[in-house]
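Heads up: the sequence shown begins at 2 in this note's numbering, then just goes up one per residue. Glycine residues also receive a C-beta, built at the ideal position from the N, C-alpha and C atoms. None of the values given here were measured: they were computed from a predicted structure. To keep things clear, I will list the structure first and then write my remarks on it.
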Amino acid sequence: MSSVNPVVTRFAPSPTGSLHIGGARTALFNYLYAKHTGGKFVLRIEDTDRERSTEANVQVILDGLTWLGLTWDGEPTFQYARGERHRAAVDQLLAEGKAYPCWLAGDELAAAKDAARAAGHALRSPWRDREVTAENLARPHVIRFRGPLNGDTRIQDLVQGPVTLRNRELDDLILLRSDGVPTYNLAVIVDDHEMGVTHVIRGDDHLNNAARQTLLYQALGWPVPAFAHISMIHGPDGGKLSKRHGAQAVGEFADMGYLPEALRNYLARLGWSHGDDELFSDQQAADWFDIADVNKGAARLDWDKLNHVNAHYIRLADDDRLARLVTEVCLRRNEPLDEASLQRLYGAIGLMKDRGKTLVELADQCAFLFLQRPVTIEEKARSLLTAETLERLARLRTALDQEASWSPESLDIRLKSFAEAEAVGMGKIGPPMRAVLTGGQPSPDLGRTLAALGRSEVLGRMDDVLSPLS
Ligand code: GLU
């Protein structure tokens, strides 16, 4: 069966202006399930809200998915453009008596809802059973689904387990509004059917819709796809993820300096697990991911874990790419780097990559590389530079000038032997040297700091302080 009917999953976002992290995880689970089964992952933009569905809002979604590396198969489908297909399905239902025009509005509608509630079921319009005249049809009306009055609708949800809804609790939902615009439930099932979607993996806020959609599939005589409703992502405190928890949109995570592969790995682990594995490659994720292993309970965003995962991928990242990303952080912060700073960054990034959990932290840690000579030395650091210390630094300059290999290890050895020769502890050398080299900015241990700056910059920064003496 599976070879005849390959898995097709989909992500069906409405363009709201951002790609929410919960939506990104939904997309990821769809993507991984398609990869796992050798199926397809397709994208449908649900752009029926014409005001919000601007080109820019659509682009945010495409960019967010592309940044995350969740490439979809084929061209995206745009829902609004498919109105004719949606209306054709309604025509079929009308022709088969499975839908009906309804003129219920205003007070009458409110009264019908009250009556339905009193009778213990959801809304059924009196127009279900009334004769339709040509004269009526000329007046504005909606088209409603003729839902079953009795029985149950059962969903075998791959995450939530079996879910049963009583049909009497599902109203005769509107399929076409009075202006002829299709409603969400109708559009979704027509599109999912025609796009060949076999597995609908989405947020559990749509669980109730799954029952309504099942009834529509059945009415149209179409196979019902498998459903998997995944829980929302909650904040660290267990509440629904909101602004007070910090970032929510994929773009914000990018701006905060998270790498796409780190976010992919972290989001995959959020609500799904493979044993105790926290860190895994994309291939492993695709090999291991099964929708049936996704937890039912809400997943909590854990910043410490995310930072841990991100730090891991920063360490793994290619040096040139990392240097480029740090440069981008600086540009975003309006701290453009000159040619010499860029050269130092590209040369030093390999020594710096374990210094930040995010690209922003890493950029902060690299700031000492970008200082312009003469380096401005903070007041507190300047007080370390007594006459005695400056004389010692002048001797250190001579010693460093003789250092041939200029690696962190050889520099460490050279610094230690210099301290021994001077009969002082490193405490007399490290702090003033840092003051001279970094002006008080954060920097790694001294050997690495020297190696990262490079010989000529180190000697130059020392000369800027020492030259008044000579
Ligand atoms: N467009 C809907 C949303 O963004 C999702 C529809 C679906 O997945 O069925 O919530």
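Since I believe residue j is in contact with residue i (beta carbons under 8 Å), could you give me their beta-carbon distance rounded to a whole number of angstroms?
i: Ser-179; j: Pro-141; result: 4 Å
i: Ala-324; j: Leu-346; result: 5 Å
i: Ala-211; j: Ile-292; result: In fact, because the Cβ distance is near 14 Å, the residues do not count as touching under 8 Å.
i: Thr-10; j: Gly-40; result: 7 Å
i: Trp-289; j: His-309; result: Not a contact, Cβ separation roughly 20 Å.
i: Pro-163; j: Arg-155; result: 6 Å
i: Phe-42; j: Asp-74; result: 6 Å
i: Arg-125; j: Tyr-101; result: No, Arg-125 and Tyr-101 are not in contact; Cβ-Cβ is about 10 Å, not under 8 Å.
i: Ile-378; j: Gly-440; result: 5 Å
i: Gly-234; j: Arg-26; result: Inspection of the sequence shows that residue 234 is occupied by Ile rather than by Gly. The pair is a contact, with the Cβ atoms about 6 Å apart (cut-off 8 Å).
i: Thr-49; j: Gln-80; result: 6 Å
i: Ile-175; j: Val-143; result: 5 Å
i: Leu-242; j: Leu-302; result: 6 Å
i: Gly-197; j: Ile-231; result: Between Ile-231 and Gly-197 the Cβ distance is about 21 Å, and since that is not below 8 Å, they are no contact.
i: Val-59; j: Ile-46; result: 6 Å
Can you tell me where the alpha helix (DSSP H) holding residue i begins and where it ends?
i: Asp-172; result: Premise fails: Asp-172 is in no alpha helix (DSSP H) and is neither H nor E.
i: Thr-27; result: 22 to 38
i: Pro-261; result: 261 to 270
i: Leu-307; result: 304 to 317
i: Val-9; result: Per DSSP, Val-9 belongs to no alpha helix (DSSP H); it is in the beta strand (DSSP E), 9 to 12.
i: Leu-346; result: 340 to 353
i: Glu-56; result: 56 to 69
i: Asp-288; result: 283 to 289
i: Asp-465; result: 456 to 467
i: Leu-363; result: 360 to 366
Where does the unbroken beta strand (DSSP E) through residue i begin, and where does it stop?
i: Gln-157; result: 153 to 158
i: Ile-477; result: Here the chain has residues from 2 to 471 only, and residue 477 is not among them.
i: Thr-328; result: That residue, Thr-328, is in no beta strand (DSSP E); its alpha helix (DSSP H) goes 320 to 333.
i: Gly-162; result: 162 to 167
Compare the C-beta of residue i with all C-beta atoms of chain C and state if any pair is closer than 8 Å.
i: Cys-367; result: Absent from the structure is chain C; it holds one protein chain and no more.
Any residue whose CB is nearer than 6 Å to a heavy atom belonging to ligand 1, listed in chain order: Listed by chain position, these are Ala-13, Pro-14, Ser-15, Glu-47, Val-189, Arg-203, His-207.
The region 16 to 23 contacting the region 165 to 176, beta-carbon criterion three pairs below 8 Å: Verdict: no, contact absent.
Length at least 3, wholly inside the region 80 to 143: the beta strand (DSSP E) runs in chain order: 100 to 103, all fully within the region 80 to 143.
Within the region 375 to 435, ranges of the alpha helix (DSSP H) (whole runs, at least 4 residues): Fully enclosed alpha helix (DSSP H) runs of 4 or longer: 380 to 383, 388 to 402, 409 to 423.
Contact between the region 73 to 90 and the region 178 to 198 (3+ Cβ pairs under 8 Å): With the cut-off at 8 Å, the region 73 to 90 and the region 178 to 198 touch.
Stretch pair the region 241 to 249 + the region 279 to 298: three plus CB contacts closer than 8 Å: Of all C-beta pairs linking the region 241 to 249 to the region 279 to 298, fewer than three are shorter than 8 Å, placing the two stretches out of contact.
Sequence ranges, beta strand (DSSP E) only - wholly within the region 225 to 263, length at least 3: Counting only runs of 3 or more, we get 227 to 231.
Touch test, the region 442 to 455 against the region 401 to 410, Cβ-Cβ under 8 Å, three pairs minimum: Judged by Cβ distances under 8 Å, the region 442 to 455 makes contact with the region 401 to 410, as three or more pairs qualify.
3-residue-minimum beta strand (DSSP E) runs that sit fully inside the region 178 to 208, ordered along the chain: Segments of the beta strand (DSSP E) lying fully in the region 178 to 208: 200 to 204.
Inter-stretch contact (C-beta, 8 Å, three-pair minimum) for the region 261 to 269 and the region 332 to 352: Short answer: they don't touch.
The region 249 to 265 touching the region 313 to 330, judged by at least three CB pairs closer than 8 Å: The region 249 to 265 vs the region 313 to 330: in contact.
At least three beta-carbon pairs within less than 8 Å, the region 92 to 101 to the region 280 to 288: Touching, no.
Cβ contact check for the region 54 to 69 and the region 102 to 113: 3 or more pairs under 8 Å: At 8 Å Cβ cutoff, the stretches do not touch.
Sufficient close CB pairs (3 or more, under 8 Å) joining the region 326 to 333 to the region 393 to 405: Contact between the region 326 to 333 and the region 393 to 405 is not established, with fewer than three Cβ pairs separated by less than 8 Å.
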